[in-house]
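Below you'll find the structure, written out as structure tokens, and then a few comments.
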Amino acid sequence: MIKNFQHYVPVRLVFGQGTLEETGQHAEAIGSKALIVTTGPFFKESGLVDRLTAILEKSQVKSEYFPDISPNPLSTEIDAGAALARKTGCDMVIGLGGGSAIDAAKGIAIALGHEAPIWEFCPVRPDPRETTDKTYPIIAITTTSGTGSHISPFSVITNPDTKQKPGMGSDYIYPRVAIVDPELMVTMPAKITAATGFDVLAHSLEAYTSNIASPMSDLYAEESIRLVGKYLRKAVQDGSDLEARAGMAYADTLAGFAMSL
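Under our numbering, the residue at position 114 of the sequence shown is numbered 122, and the numbers go up by one with no gaps.
As structure tokens, this is what we get:
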């Protein structure tokens, strides 16, 4: 007998080669100015931020750039990003990169919308604030295949003072749009490709063996595991193999679905 379950993942998934070019039309439907969030200056130096800015401008969407996010996003960095977004009049947040950038974008969207420090919403506090629909819209553009953050309602944030690193979850931090363009992943080094690929596998196995697994989460997890077996080795051996990159990007996305159900 099929067990009772719920299915709710309110993310517009835009998947495939060249889909970065579609970001503008989706951003235009949300607002008029975006804060672009990355981890460090690499994305600017590589030309990707300028490319994204130009794509947004074609749709009359302005942008500000905030690169000051650590590999493990700090609450202080998120508050600084929210302050910049507020000062410059941004009405949406774009996370560009891996899970760290996207997690940070989620945190900034909460802090910005509620006009409060992000740590007030973290569940390790004795009286955490509730995240509400004041949270600003998020667009996730993933450049790695690992965390599934672009499709999930979760974020992990570190407090530099207390050294706590809790996960937080809310339906209000599901990205409105997730752009998954395998062309953005071809420059990932082999070691990072391998590490993030095993992250995908771990997420899928965790979802599959969970005591709250459902028929839908099993469906996503099983296919994700199969795709990792088929494509991870190929992606590590040849980073320019777009079929392998797309396969791993799809596996990552399915793992994100499996964890979110």
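Even glycine gets a Cβ: it sits at the ideal position worked out from N, Cα and C. Model, not experiment: these values are computed from the prediction.
| Item | Value |
| --- | --- |
| Can you give me the Cβ contacts of Gly-107 inside the same chain, cut-off strictly under 7 angstroms, excluding the 5 residues immediately before and after it? | Gly-154, Thr-155 and Ser-157 |
| Enumerate in chain order the residues of its own chain whose CB-to-CB distance from Asp-260 is below 7 angstroms, with the five nearest sequence positions on each side excluded. | Ser-153, Gly-154, Gly-156 and Val-208 |
| Going straight from the alpha carbon of Thr-61 to that of Ser-71, what length do you get? | 7 angstroms |
| Output yes or no for whether 8 angstroms exceeds the beta carbon distance between Leu-64 and Ala-35. | yes |
| Using the Cα positions of Arg-132 and Pro-125, report the straight-line distance between them to the nearest angstrom. | One point to set straight first is that residue 132 is Val, not Arg, in the sequence displayed. So the two alpha carbons sit approximately 14 angstroms from each other. |
| Have a look at Ser-67 and Pro-75 and give me their C-alpha separation to the nearest angstrom. | 23 angstroms |
| Excluding the 5 residues flanking Tyr-228 on each side, which residues of the same chain have their C-beta closer than 6 angstroms to its C-beta? | Leu-262, Phe-265 and Ala-266 |
| If you pair each beta-carbon of the region 14 to 29 with each one of the region 175 to 194, do three or more pairs fall below 8 angstroms? | yes |
| Starting from the C-beta of Glu-128, find all residues in its chain whose C-beta is less than 6 angstroms away, skip the five residues before and the five after it, and write them out in chain order. | Arg-137 |
| Rounded to whole angstroms, what's the CA-CA distance from Gln-14 to Gly-26? Just pull it up for me. | 33 angstroms |
| Ignoring anything shorter than 4 residues, give me the alpha helix (DSSP H) runs that lie fully in the region 139 to 171, in order along the chain. | none |
| Could you pull out every unbroken alpha helix (DSSP H) segment of at least 4 residues lying fully inside the region 179 to 229, listed in chain order? | 198 to 217 |
| Given a threshold of 16 other Cβ atoms within 10 Å of its Cβ, counted over all protein chains shown, does Phe-162 qualify as buried or as exposed? | buried |
| If Gly-115 sits next to Lys-142, beta carbons under 8 angstroms apart, how far is it from one beta carbon to the other, in whole angstroms? | That belief does not hold up - the Cβ atoms of Gly-115 and Lys-142 are roughly 14 angstroms apart, past 8 angstroms. |
| Mapping DSSP to helix, strand and coil, what is Glu-123? | coil |
| Of the residues Asp-169, Val-185 and Leu-82, which one's Cα is nearest the Cα of Ser-160? | Val-185 |
| Considering Gly-24, what are the terminal residues of the beta strand (DSSP E) in which it resides? | No beta strand (DSSP E) contains Gly-24, which DSSP labels as neither H nor E. |
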